[in-house]
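Residue numbers (our numbering): 7 to 289. First comes the structure, then the notes that go with it.
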């Protein structure tokens, strides 16, 4: 990557898709969020992680821009530049090149053995002991429903209302679980995908801005780079060691976000496997 290049998620393209003028929404050590209308744009200096709604800058470019990024400052976006208007002055960063990165979730063909391998790795992580989400009786009932969808005991709207926004932090634990689950459904497209997608689309305003944007991107079929790395590993039918390494990348997200997300993945795998068993039994 050239010194002043930017890598950008294709979800954000064209760059003026959501508008050209916005504000600085939130600022962190290695990343910050811009807000253009209701869409967040994550600017990061991390080489490891690209958000589904992200632009990756070099460390140098990020360091140049960050001092001017106070919450609420006006930001102008163009195809090859970002301009920030601060009380101390105007800072414009012009990109030497813009590299589109596809973070599109692809529909995959069901392959039982690789999914079983991934499930084994996730089970070994003993995720239930590491969740930000407290697994009380209600959570266990919902988890069981998400695994075995033939039960009449549960209402999707009720489940989504219960989980969305539940927990602390930028991405609450309930949202992280649903993100992991939704990713598996988007990958294998079972017919019950829509049963979750519809209430989830209606509920995304009931959580944090950051989490709502991640859910919106996933509902549109875009995921952050660790999810895409997992999908590519599944498509390659990677070895257990390779898969375990990708899972570690997911687990490293946030304080408990990674564990909550991986628990959702595990429930999603079991749902897809159970649906496939049903299909096989009826043929």
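By construction, the Cβ of each residue, glycine as well, lies at the ideal position given by its N, Cα and C atoms. These numbers were taken from a predicted model, which means no experiment stands behind them.
Reduced DSSP category for residue 167 - H, G, I as helix; E, B as strand; rest coil: Residue 167 falls in the helix class under three-state DSSP.
Would you report the Cα separation of residue 106 and residue 253, rounded to the nearest angstrom? For residue 106 and residue 253, the gap between their C-alpha atoms comes out near 25 Å.
Return yes when the Cβ of residue 81 is within less than 8 Å of the Cβ of residue 88, no when it is not. Closer than 8 Å, so yes.
Can you check which of these residues, 67, 152, 68 and 24, is closest to residue 279 by C-alpha distance? Looking at the Cα atoms, 152 is the closest of the given residues.
Cβ pair count under 8 Å reaching 3, the stretch 199-219 against the stretch 239-248: Flag = no, the stretch 199-219 and the stretch 239-248 do not touch.
So, do the stretch 137-153 and the stretch 82-101 have three or more beta carbon pairs nearer to each other than 8 Å? Too few Cβ pairs lie closer than 8 Å, so no.
Would you mind sorting residue 181 into buried or exposed? The rule is 16 or more other CB atoms within 10 Å of its CB. Counting Cβ neighbours within 10 Å, residue 181 comes out buried, since at least 16 surround it.
Using the Cβ count rule (16 or more neighbours within 10 Å means buried), how would you classify residue 123? With 16 or more other CB atoms across the displayed protein chains lying within 10 angstroms of its CB, residue 123 is buried.
Per-residue DSSP class, three states only, for residue 73: In the three-state scheme derived from DSSP, where H, G and I count as helix and E and B as strand, residue 73 is classed as helix.
For the stretch 258-271 and the stretch 172-191, state whether three or more C-beta atom pairs, one from each stretch, are separated by less than 8 Å. Look at the beta carbons and you see the stretch 258-271 touching the stretch 172-191: at least three pairs across the two are nearer than 8 Å.
Alpha carbon to alpha carbon, what distance is there between residue 277 and residue 255? Taking the straight line joining both Cα atoms gives about 23 Å.
In terms of residues, what are the limits of the beta strand (DSSP E) holding residue 111? First-last for residue 111: undefined, no H or E at that position.
For residue 121, the first and last residue of its enclosing beta strand (DSSP E): Where residue 121 is concerned, there is no enclosing beta strand (DSSP E), although the alpha helix (DSSP H) it sits in stretches over 118-130.
Is it the case that the stretch 51-64 contacts the stretch 224-236, given that we only count it when at least three CB pairs across the two stretches are under 8 Å? Per the Cβ contact rule, the stretch 224-236 is in contact with the stretch 51-64 (3 or more Cβ pairs under 8 Å).
Pull up the distance between the alpha-carbon of residue 35 and that of residue 84, whole angstroms please. Those two C-alpha atoms are separated by around 24 Å.
In the DSSP output, which residue or residues are listed as bridge partners for residue 13? Partner(s): 62 and 105.
Let me check understanding here. Comparing Cα to Cα, which of 214, 210, 222 and 193 lies closest to residue 235? The shortest C-alpha separation from residue 235 is found at 193.
Hey, residue 196 and residue 281: beta-carbon distance below 8 Å or not? Judged by their CB atoms, residue 196 and residue 281 are nearer to each other than the 8 Å cut-off.
Enclosing alpha helix (DSSP H) for residue 182 [first to last residue]: Its alpha helix (DSSP H) spans residues 179-194.
Local conformation of residue 142 per DSSP, three classes: Judged by DSSP in its simplified three-state form, residue 142 adopts coil rather than helix or strand.
State yes or no: is the C-beta of residue 63 within less than 8 Å of the C-beta of residue 51? Yes, these two residues count as a Cβ contact at 8 Å.
Reference residue 113; option with closest CA among 170, 75 and 227: Distance from the Cα of residue 113 is smallest, within the candidate group 170, 75 and 227, for 227.
If distances are taken between C-alpha atoms only, which option among 154, 288 and 273 comes closest to residue 126? Checked all of 154, 288 and 273; the closest Cα to residue 126 is 273.
Terminal residues of the beta strand (DSSP E) in which residue 84 lies: Taken as a continuous stretch (DSSP letters only), the beta strand (DSSP E) holding residue 84 covers 80-84.
Could you give the DSSP three-state label for residue 219: helix, strand or coil? DSSP places residue 219 in helix when its eight states are reduced to three.
State the Cα-Cα distance for the pair residue 150 and residue 20, rounded to the nearest angstrom. Here the alpha carbon of residue 150 sits roughly 41 Å from the alpha carbon of residue 20.
DSSP three-state call for residue 21: helix, strand or coil? Taken through DSSP and simplified to helix, strand or coil, residue 21 comes out as coil.
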